[in-house]
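For the sequence shown, our numbering begins at 118 and goes up steadily by one.
Input: a single structure, listed below in structure tokens.
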Amino acid sequence: MTERLVPKNANAHPEERIEKGRSLIVIGFVLWFFDALIVFFMPAGVRLGQQRGFATLILSAFLAGAAVMAVGFYLRKEKA
């Protein structure tokens, strides 16, 4: 009965957690890189009158990158 209450990765090896954390941090930085590309192309969107769509993409990419990196840092710093 208690087997169902314990998550499968509760006893994960610490090096696996660190590696997953690093991977998530890299993914977060990649999201921020794409966010910078969106900011680079925003002036063209402003001229076309579509600044709301660009602002939504910028905000969502920034928040997604920050959330993924926060989870990655948490996994790396979590005590064994």
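Here a beta-carbon is modelled for each residue, glycine too, at the ideal position from N, C-alpha and C.
Straight-line gap, residue i to residue j (C-alpha atoms, nearest Å)
| i | j | result |
| --- | --- | --- |
| residue 155 | residue 183 | 16 angstroms |
| residue 136 | residue 149 | 20 angstroms |
| residue 192 | residue 152 | 24 angstroms |
| residue 145 | residue 181 | 7 angstroms |
| residue 172 | residue 139 | 28 angstroms |
| residue 141 | residue 130 | 17 angstroms |
| residue 133 | residue 179 | 26 angstroms |
| residue 190 | residue 174 | 24 angstroms |
| residue 159 | residue 169 | 10 angstroms |
| residue 195 | residue 157 | 36 angstroms |
Environment of residue i [buried if 16+ CB atoms lie within 10 Å]
| i | result |
| --- | --- |
| residue 187 | exposed |
| residue 185 | buried |
| residue 176 | exposed |
DSSP-derived helix/strand/coil call for residue i
| i | result |
| --- | --- |
| residue 195 | coil |
| residue 119 | Low confidence applies here, because residue 119 scores a pLDDT of 44, under 50, leaving its location unreliable; read the following figure in that light. Looking at residue 119 - three-state DSSP - the assignment turns out to be helix. |
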